[in-house]
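Chains as they are written, first to last, in the numbering used here: chain A, 1 to 370; chain B, 1 to 156; chain C, 1 to 381.
A short write-up of the structure that comes next.
Here it is, written out as structure tokens:
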């Protein structure tokens, strides 16, 4: 009988990132692999840390909105509005109704733009090149609208403490309505290209499932949480701006897999279109911001406010101390929790699914690293 | 300046009262959410009760505040049923800088506590892996401390 | 090259060498054109202008790219296996060209014979055998690069090649029964007489299986798991740069052309026109050469464009799903196809075709049932 030789195999450690085409910024995933199956995953973050919270303590309430846009470049409207709302809430500033409706309008347009960007890049993660360009083409339409209002396409500095900085030009309403008409057709196009694509379905069905309990433990929010069937949408639960006056639905998923998260975002774009239309119809006249002194001082107080951004609950905890700068600003971003959640759901998945799952959480790294 | 409890805040405060939790007087923040002070040694016990008896499974946010003489931990808990935030605060003197961890109560706290350690140098007893998270491993200072300069001489 | 041979009257090895030279030199501009065409086509598909800067209407773009690649530093990673790293692109590129030894590009009409280097009696067999050498190149590149992504890509490439070559070869077997020969020229001649005699009508299942497998063979979307930009950062060729990367790149497009040429020969009647050829053309040697070569290239380009279209539309499948698709679906399908063909070959070609169209219908139903499964999923309001 031949001598028995012990054959030993070792796991492979794969550094995915920080320079990797589909980590959506600079994230490093330290993957321990057994063949193509993932045994453990350690996310390494911080490559984009810019010290935004420290900057908040050294910049005035007038200066900081320009910085907070950089917090999350795909939804710069949200963070800008959030910061302004926190300061207004602490100081008890009443924002004119026109500003409230305009903020709502912009947020929803921004939500569509962000979801479109996600759609394109997500399909790119799955290996389909074509859709990215279609999604970008339609995102351009929204960016054109933003440019029309505030002259910027990515970082808007739109909201300021006390209202919004720019009024709509006269042609704006017509252009938005044109966009609404075009975009409804385009969503149908996307659904016919993507939703009914058997290869796509093969890639996303039953992939990256997790239970609602697990998602809650890790404070997952936004579409990744709603895909598990939990109806948590701050627009409905804690209505801010004009969301208590507009009619829209919050779709939820059934299985908590990647397909659900895709379907949810598509459905959310449709709902956002409805909100945009209602905002246009009901946009009141009047001032776009209250008159504030040149040096805005916010009295001592604290507030935690959160908005439902396309990625989930983006919150700001502001502590003011009566000066023109805040004492402490803590930014709570959904992607931070989602990246933290990633090792839990990646366990036992295949390496090809890493990007399918990671992409479906719609993580933006500048937001994680701040 | 609203310092009164909002509608959901009142509901939450009522629930806290009904369950006779060892929490002090309720205050309201500008958003109308109830704020409770809790002593650090009771923090974990109160956290468990809030989670198990009131159903506050969702830890939205966790952060540290630096005051002249003390460190203050702020926990923002979200109630999915009552749809409101409850804020828990715990303070310790400045020279101590050690809090009990809540990572085993709310797993979401893991990275948030690491971030607090990273930024303020506050440590958490019982944390599974307390190390730098946003800054590089060989970073020396704690940048969000008030005495930390904006421009680090010869820094990175 | 029967006609040329009689004209030039050179010994056969020398003629072969001349043919090889012609193929090698001829394929470079073809590949360059394919790259350009792919970029233009994908550009139009995704509503972009595509390349439009270098030269008139961007026509010189590929040349500029090639020059850029050739002048770049040829970089070998530290700790790479230098010999294998050097050999891998060569082993990858040679089979792509070798296939063309048995590809008849056209015909000189009448008894002058087809335009090809060697009319091997094992033509199709030779093609498949040579083509599978690619895998060696992929594995060598993946292993030699000393890069984990490359290694994963190389291993994936081997797994995929093993899985997809089987149905690919089986899809030819039905044709061999029908044509009774493995020679590429005989297979084309068996399809003479018009469109209705082309083998894609008699063997629709085999045709579709071949199309799927050939895309897998050249590692293109949706079967590009050995490269998989978004997962493996270009996979087995991650560490290659400059000239050596250019060789991989060139080989990919030459292979694309080669697989389309094989499909044209086996299923689409090679150089034959879809209708009976007019006497004016069949009479003239040079005229018939251009006529037949024109048809051949037209068919090849149509198939190549089809592959590009697929690339612009479909996402990539997962590695295990690809294996499932090959072993649990394609292999049984081609086996049934072969069996049916063998049984019905006795009763004439149309009976075969009827049976196989039925099989195709079943395939379509299978796809429909999958789509129906997906349709049930909706969000809840």
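Just so you know, even glycine gets a beta-carbon here, dropped at the ideal spot from N, CA and C.
query, result
"Give the interface partners of residue 192 of chain B over in chain A, defined as CB-CB distance under 8 Å, in chain order.", "Residue 192 of chain B is absent from the model: chain B starts at 1 and stops at 156."
"Per DSSP, residue 34 of chain A is paired with what?", "A:37"
"Cβ atoms of residue 135 of chain A and residue 119 of chain A: under 9 Å apart, would you say?", "yes"
"How would you call residue 196 of chain C, buried or exposed, if buried means at least 16 neighbouring beta carbons within 10 angstroms?", "exposed"
"From residue 184 of chain C to residue 171 of chain C, what does the alpha carbon distance come to, in whole angstroms?", "15 Å"
"Any Cβ of chain A within less than 9 Å of the Cβ of residue 34 of chain B?", "no"
"Listed from N- to C-terminal order along the chain, which residues in the segment 99 to 110 of chain C have their beta-carbon within a distance smaller than 7 Å of any beta-carbon of chain A?", "none"
"How would you list, in chain order, the residues of chain C whose beta-carbon sits under 8 Å from the beta-carbon of residue 102 of chain A?", "Within 8 Å Cβ-Cβ: nothing; residue 102 of chain A doesn't reach chain C, min ~27 Å."
"Can you give me, in chain order, the residues of the segment 77 to 97 of chain A that have a beta carbon less than 9 Å from any beta carbon in chain B?", "86, 89, 90, 91, 92"
"Between residue 301 of chain A and residue 30 of chain B, which are expected to be in contact by the criterion C-beta below 8 Å, what is the C-beta distance as a whole number of angstroms?", "5 Å"
"Use the C-beta contact count for residue 21 of chain C: other C-beta atoms within 10 angstroms, 16 or more gives buried, fewer gives exposed.", "exposed"
"To the nearest angstrom, how far is the alpha carbon of residue 136 of chain B from that of residue 33 of chain C?", "49 Å"
"Does DSSP classify residue 318 of chain A as helix, strand or coil?", "strand"
"Scan the segment 265 to 336 of chain C and note each continuous alpha helix (DSSP H) run of 4 residues or more that stays entirely inside, going in chain order.", "279 to 283, 285 to 313, 319 to 324"
"Expressed to the nearest angstrom, what Euclidean distance is found between the alpha-carbon atoms of residue 125 of chain A and residue 23 of chain A?", "9 Å"
"Please state the DSSP three-state secondary structure of residue 383 of chain C.", "Because residue 383 of chain C is not part of the residues shown, which for chain C are 1 to 381, the question remains open."
"Using the Cα positions of residue 349 of chain A and residue 100 of chain A, report the straight-line distance between them to the nearest angstrom.", "45 Å"
"Expressed to the nearest angstrom, what Euclidean distance is found between the alpha-carbon atoms of residue 119 of chain C and residue 187 of chain C?", "11 Å"
"With a CB to CB cut of under 7 Å and the five nearest residues on each side skipped, what residues in its chain are close to residue 48 of chain C?", "none"
"Considering only C-alpha positions, which residue in the set B:48, B:67, B:134, B:139 is nearest to residue 101 of chain B?", "B:48"
"Find the residues of chain A that neighbour residue 131 of chain B, judging by a C-beta separation of less than 8 Å, and give them in chain order.", "Those do not exist, as residue 131 of chain B stays about 11 Å from chain A at its closest Cβ, beyond 8 Å."
"Between the alpha carbons of residue 17 of chain A and residue 8 of chain A, how many angstroms are there, rounded?", "28 Å"
"Of the residues that make up the segment 128 to 139 of chain A, which ones have a beta carbon closer than 8 Å to any beta carbon in chain C?", "128, 129, 130, 132, 133, 134, 137"
"Under 9 Å between the Cβ atoms of residue 148 of chain C and residue 342 of chain A?", "no"
"With DSSP run on the structure shown, which of helix, strand or coil describes residue 157 of chain B?", "The requested residue 157 of chain B does not occur in the structure, where chain B is confined to residues 1 to 156."
"Can you pull the chain A residues whose beta carbon is under 9 Å from the beta carbon of residue 81 of chain B, in chain order?", "Neighbours of residue 81 of chain B on chain A: none; closest Cβ ~10 Å, over 9 Å."
"Do you know offhand how far residue 104 of chain A's Cα is from residue 270 of chain A's?", "16 Å"
"Against residue 350 of chain A, what residues of chain C qualify as contacts under a CB-to-CB distance less than 9 Å, listed in chain order?", "318, 319, 320"
"May I ask which residues mark the beginning and end of the alpha helix (DSSP H) holding residue 262 of chain A?", "258 to 282"
"Check for me: the alpha helix (DSSP H) holding residue 111 of chain B runs from which residue to which?", "109 to 120"
"If you draw a straight line from the alpha carbon of residue 42 of chain B to that of residue 88 of chain A, how long is it in whole angstroms?", "34 Å"
"Could you please give me the residues that DSSP links to residue 301 of chain A through a beta bridge?", "A:320"
"Can you say whether residue 123 of chain C is buried or exposed, counting buried as having 16 or more other CB atoms within 10 angstroms of its CB?", "buried"
"Report the residues of the segment 230 to 255 of chain A with a CB closer than 7 Å to any CB of chain C, ordered along the chain.", "249, 251, 252, 253, 254"
"Around the Cβ of residue 76 of chain B, are there at least 16 other Cβ atoms within 10 angstroms (buried) or fewer (exposed)?", "buried"
"So if I threshold CB-CB distances at 8 Å, which residues from the segment 279 to 306 of chain A count as touching chain B?", "299, 301, 302, 303, 304, 305, 306"
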